[in-house]
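Residue numbers (UniProt numbering): 1 to 306.
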């Protein structure tokens, strides 16, 4: 009886983790697509756009935390310090490289390049978190990477696709993988609610991005670009503000080898579908569709064999 109850609870946790991961991936896809639309429309600096997005996201996550009953006194240093590190990496530096990649290579291609996140995440989790490999995880991860390779080789022959943009997307993927491993590790040792943890992470990222923006541009130019970025960056900001608590909650419930591939697959498919619907043009072609199918197959394999 006790064993059956434990198994049921474990299954419920895994199911909730998958649902939260898919929600987060979809919201991150919204972020990628609407960021491209906003950048094209406003022509603001990408560092300022990143700062505007994360400031909005941090505000959204804070509101969620307050509604959930989190108090300022709950934010002890012992429970919060790990999220400071995560926030400095992603969305701190990671948001800068991601937005630059979106502007240069487009949202669907940038999102598909993030399909390499699972392989980095699985390897790092095996090394630092002692997560065990399984045949399904390895196969699904490799499929996700193949999807990214298909896209990367398109960039070699297609003049309109920026190689630098794809390279920045690949660098972003490595940063996201580090975030995933740190998030799993930190959430297991912290008593902080996922919404509060998301707020801390996002506010730290916002501080980093504001510092970079002001440091690389004159304060007046930063303020002017920030003003021009609104309200266009509100949708990406709200999406990230909702996605981050869901993602951290998923990592509380399941390991990196499950969450990371599913997140990548959901984000990839969502970004390509939204890009085709809202942007169209060069965002969709046969190779991109094939890359999506392969990437989705990898994420699905991991999800159904968890």
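By construction, the Cβ of each residue, glycine as well, lies at the ideal position given by its N, Cα and C atoms.
Only a predicted model underlies this, so the values are computations on that prediction, with no experimental measurement involved.
Can you give the Cα-Cα distance for residue i and residue j, rounded to whole angstroms?
| i | j | result |
| --- | --- | --- |
| residue 129 | residue 181 | 8 Å |
| residue 104 | residue 87 | 24 Å |
| residue 60 | residue 246 | 13 Å |
| residue 189 | residue 200 | 16 Å |
| residue 46 | residue 100 | 6 Å |
| residue 248 | residue 164 | 30 Å |
| residue 205 | residue 19 | 26 Å |
| residue 6 | residue 191 | With a pLDDT of 48 at residue 6, under the threshold of 50, the modelled position of this residue cannot be trusted, and the question is left open. |
| residue 239 | residue 134 | 33 Å |
| residue 132 | residue 235 | 38 Å |
Identify, in the order they occur along the chain, each residue of the same chain with its Cβ nearer than 6 Å to the Cβ of residue i, setting aside the five sequence neighbours on each side.
| i | result |
| --- | --- |
| residue 203 | 58 |
| residue 295 | 115, 144, 147, 265 and 268 |
Looking only at its own chain, which residues have a Cβ that is under 7 Å from the Cβ of residue i, when we skip the five neighbours before and after it?
| i | result |
| --- | --- |
| residue 271 | 29, 32, 33, 107, 108 and 111 |
| residue 290 | 150 |
| residue 26 | 266 and 270 |
| residue 156 | At residue 156 the pLDDT is 48, less than 50, meaning the model places this residue with poor confidence and gives no usable figure here. |
| residue 126 | 133 |
Indicate the three-state DSSP secondary structure (helix, strand or coil) for residue i in the structure shown.
| i | result |
| --- | --- |
| residue 163 | helix |
| residue 76 | coil |
| residue 285 | coil |
| residue 193 | coil |
| residue 179 | helix |
| residue 131 | coil |
| residue 110 | helix |
| residue 119 | helix |
| residue 279 | coil |
| residue 69 | coil |
Please determine, among the options, the residue with the shortest C-alpha to C-alpha distance to residue i.
| i | options | result |
| --- | --- | --- |
| residue 298 | 118, 170 and 195 | 118 |
| residue 242 | 64, 189, 19 and 55 | 64 |
| residue 92 | 42, 75, 115 and 52 | 52 |
| residue 69 | 235, 195 and 215 | 195 |
| residue 173 | 227, 73, 222 and 113 | 113 |
Note down, in chain order, each residue of its chain lying with its Cβ closer than 8 Å to the Cβ of residue i, except the 5 sequence neighbours on either side.
| i | result |
| --- | --- |
| residue 14 | 253, 254, 258 and 306 |
| residue 301 | 136, 139, 140 and 143 |
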